[in-house]
Amino acid sequence: MTARTVNRTLLYVVLLIFAVIFLIPVYLLIITGLKSNSSISIDQMWALPHVLGLTGLVQAWQHVGPDMLNSVYLAVTATVVVTILGSVNGYALSKWKFRGSNVIYFLILLGMFIPYQSTLIPLIRVLNTIGLFDTIPGLALVHIVYGIPMMTLIFRNFFADIPNELIESAQIDGNGYWGIFRHIMLPLSVPGFVVAAIWEFTQVWNDFLFGVTVTDPPHQPVTVAIVNIAGSQHIQWNVLMSSTLIASLPTLIVYLVLGRYFVRGLLAGSVKG
Amino acid sequence: MKQTREGMDASAAAVTVPNRRPRIRTEKVWAMVTLIPSIILLGVFVYYFIFWTGYVSFTKWHSFIQNMHLNGFQNYVDIFKSFRFQSDLRNMVYFTAFFMIGTLVLGLFLALLVDQHIKAEGFFRSVFLYPMAISAAATGVIWSWLLNPNTGLNLILHAFGLHNVPKWYLSTRILPHLHIASINGGIPLAMFAVLIASIWQWSGFAMALYLAGLRAIPEEIKESARIDGARSIRMFWSILLPQLRPITTTAVVMLMASSLKVFDLLYAMTGPGANFVTDLPALNMFDTTFKGNQFAQGAAIATVLLVLVLIFIVPYLIGTLRKEDSK
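If you read the sequences in order, they're chains A and B.
So in the working numbering, spot 16 of the first sequence is number 11, and the numbers just go up one at a time.
So in the working numbering, spot 162 of the second sequence is number 142, and the numbers just go up one at a time.
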């Protein structure tokens, strides 16, 4: 009995230690972001700010505000379009398997794992040719295309769980391919759409590689903007940390509010749900 | 799994009710038609582009001006001879090994802790997983500050009286001295800074996978294997771990694929490092192509990277899809 109490206590101590370690970056991000530039000194970097200074946040917003808007526009457009594409694909591949549909599914899925470095050179050429290089719509197009595999996977797994009896009875009621999709699949798959949308939004928001290759300032997403600030000659730590905080907030909020769905998205990403 | 059965059910229904047959054919045609836009997009942006990059890797395109004259395997010979790419391969081996071991062990350990019917489980789960929601670029910015030799963690080590503090990603030491080709084949210490940040970001993912796996194991088996003594450590090795093997396979493949692609974190945190002690192929490809304008060599690096990923991913995907179909 006492051994058990000791073990339980030890368990919580270990858990708390790990929790503290995991939270250190966020702690530093917040306290540094809230310090005014003059009160930042290296030996005080772990200390809480004496006075809350919002100058860092304000300056950061001036730096990255426009890029935040780029990211919002980018992530929302890509998420909406690719979620629709993915749901249509997932429906076709889960409920109406035809000869060769497994091969198509395999080829779609593989697109998720390729290192994008092996597509960058042609990508830039093609975007240049069609006039979308260094534009947010161009970057959105890229994210839509490379988001298709994951969205197809999520929706295919999700739709597979919808009983076929429902589809059969809908057919008897005279529904065709799109009627079943609209009246049976869509209403039953709202949680699937949430999982997919969260995943895609997070992916697009957090992307850096495509952003840095396809766009230049001022048409860049916010991830590229913060890395540019970090690479500048005289780094103002409070501005940099505030910017990083601002750039991370949308996905953090999504995660905190809709964490359950976020996890489901992650698990769907590892093929088996 | 269910799909094949469904397909069979549908055709069986079509046989018994003759006039439904054309309907099902129409629907399968619709299914094919709706897939066409995605097939075209991925056909161009993935498969044609890969082919294109592969082709570029055999050309003489070495400047801004596109030159598609063939150059044989010369670009591959050049990159494998280059000090930077050799360093990349060394770093990649160490990075992948330590990253996977670190992430899996920590992830499994956290999952076991969280699975002990603890209070505030949701809180701990959220804390361990949140780094996954943050971009690798932001992670790189934050950890480059935490692991800067003059700031961050070293201040705390100083406060504990340690004066011989690590130089983290600025370190140029490679231990031990192992000469392989023109490079030192030991472990670059600077890599550990990148590893810490990467493991911080990904171990929550491993935890979530293992937690899902643990929850799927019947309660009776787990009850007997609860960690509350030396006895159950053996239970863990002989019962729990084998039960978790499919999860481990999935996690290994996912982590392997992601470790080969590491780019954002390096770009934001360390760059290639002095003597390329923290460089990895994905970053090398980017620099070679877009900063050095050595398009053909960049394409060659990208192609090597692609082949490495495919070696792991293709058998895994085929295996997963087969298993699903046979269920």
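Glycine included, each C-beta is placed from N, C-alpha and C at the ideal position.
Of the listed residues the options, nearest to residue i (C-alpha basis)
i        : options                                   : result
B/Gly251 : A/Ala225, A/Ser82 and A/Arg(-1)           : A/Ala225
B/Tyr149 : B/Ile136, B/Ser178 and B/Ala170           : B/Ala170
A/Leu247 : A/Gly206, A/Thr210, A/Arg259 and A/Trp200 : A/Trp200
A/Trp155 : A/Tyr172, A/Thr78, A/Leu183 and A/Ile103  : In the sequence as displayed, the identity of residue 155 of chain A is Ala instead of Trp. The candidate whose alpha carbon is nearest that of A/Ala155 is A/Leu183.
B/Pro17  : A/Ile79, A/Ser265 and A/Leu261            : A/Ile79
B/Pro261 : B/Leu142, B/Ala173, B/Met72 and B/His49   : B/Met72
A/Gln231 : A/Gln54, A/Leu105, A/Ser66 and A/Phe257   : A/Gln54
B/Lys196 : B/Trp182, B/Leu220, B/Ile213 and B/Ser178 : The sequence shown places Ala at residue 196 of chain B, rather than the Lys named in the question. The candidate whose alpha carbon is nearest that of B/Ala196 is B/Leu220.
A/Ala135 : A/Thr210, A/Lys92 and A/Leu88             : A/Thr210
A/Ala87  : B/Tyr74, B/Trp32 and B/Ile19              : B/Ile19
A/Val67  : A/Thr197, A/Val252 and A/Met236           : A/Thr197
B/Thr76  : B/Leu235, B/Ile176, B/Val24 and B/Phe270  : B/Leu235
A/Phe153 : A/Leu104, A/Gly106, A/Ala263 and A/Ile167 : A/Ala263
B/Gly165 : B/Asn47, B/Gln46, B/Phe63 and B/Leu92     : B/Phe63
A/Leu43  : A/Leu49, A/Leu23 and A/Thr50              : A/Leu23
B/Leu301 : A/Val8, A/Leu253 and A/Leu105             : A/Leu105
B/Thr6   : A/Leu64, A/Leu161, A/Gly85 and A/Asn170   : A/Asn170
B/Gln96  : A/Leu6, A/Ile179, A/Phe101 and A/Ile167   : A/Leu6
A/Trp194 : A/Gly95, A/Leu181 and A/Val75             : A/Val75
Bridge-paired residues (DSSP) for residue i
i        : result
B/Pro168 : B/Ile154
B/His159 : B/Asn164
B/Leu50  : B/Thr39
Helix, strand or coil at residue i [DSSP, three-state]
i          : result
B/Thr39    : strand
B/Leu286   : helix
B/Leu93    : helix
B/Val257   : coil
A/Leu22    : Per the sequence shown, the amino acid found at residue 22 of chain A is Tyr instead of Leu. The answer is helix: DSSP assigns A/Tyr22 an H, G or I state.
A/Leu11    : helix
A/Lys90    : helix
A/Ser96    : helix
B/Asp244   : helix
A/Met63    : helix
B/Lys8     : helix
B/Ala210   : Reliability fails at B/Ala210, whose pLDDT of 49 lies under 50, so the model's placement of it is uncertain and the value that follows must be treated cautiously. The answer is helix: DSSP assigns B/Ala210 an H, G or I state.
A/Thr239   : helix
B/Phe266   : helix
A/Val47    : Going by the sequence as given, residue 47 of chain A is Leu instead of Val. Note: A/Leu47 maps to coil in three-state DSSP.
B/Thr250   : coil
A/Val121   : helix
B/Trp180   : helix
A/Phe108   : coil
B/Asn273   : coil
B/Ile197   : coil
B/Lys61    : helix
A/Gly187   : helix
A/Thr4     : helix
B/Met(-19) : In this prediction, B/Met(-19) has a pLDDT of 39, which is less than 50 and means its spatial position is unreliable; what the coordinates show is noted afterwards. Reduced to three states, the DSSP call for B/Met(-19) is coil.
A/Ala42    : coil
B/Leu301   : helix
A/Gly81    : helix
A/Asp129   : coil
Presumed contact (8 Å Cβ cut-off) between residue i and residue j, rounded CB distance
i        : j        : result
B/Asp259 : B/Gly253 : 6 Å
B/Phe103 : B/Val94  : At roughly 10 Å, the Cβ-Cβ gap does not stay under 8 Å, so B/Phe103 and B/Val94 are not in contact.
B/Ala279 : B/Tyr56  : Not really, about 10 Å apart at Cβ, beyond 8 Å.
B/Gln274 : B/His42  : 6 Å
B/Ile298 : A/Phe108 : Incorrect: roughly 13 Å between the Cβ atoms, too far for contact.
A/Ile99  : B/Leu15  : 6 Å
B/Tyr110 : A/Tyr250 : 6 Å
B/Val121 : A/Ile221 : 6 Å
B/Leu194 : B/Ala276 : Contact doesn't hold; Cβ gap of about 49 Å is too wide.
Near the ligand ATP: residue i beta-carbon under 7 Å from a heavy atom
i        : result
B/Ile163 : As for the ligand ATP, it is missing from this structure, which has no ligand bound.
Check whether the stretch 202 to 213 of chain A and the stretch 114 to 121 of chain A are in contact - that is, three or more C-beta pairs closer than 8 Å.
yes
Answer yes if the stretch 222 to 234 of chain B comes into contact with the stretch 182 to 199 of chain B, meaning at least three C-beta pairs across the two stretches below 8 Å, and no otherwise.
yes
Inter-stretch contact at 8 Å, needing at least 3 Cβ pairs: the stretch 54 to 68 of chain A / the stretch 118 to 125 of chain A
no
Would you call the stretch 232 to 247 of chain A in contact with the stretch 213 to 224 of chain A, where contact means no fewer than 3 C-beta pairs closer than 8 Å?
yes
Touch check for the stretch 68 to 84 of chain B and the stretch 230 to 240 of chain B: three-plus C-beta pairs under 8 Å?
yes
Is the number of C-beta pairs between the stretch 168 to 176 of chain A and the stretch 133 to 148 of chain A that are closer than 8 Å three or more?
no
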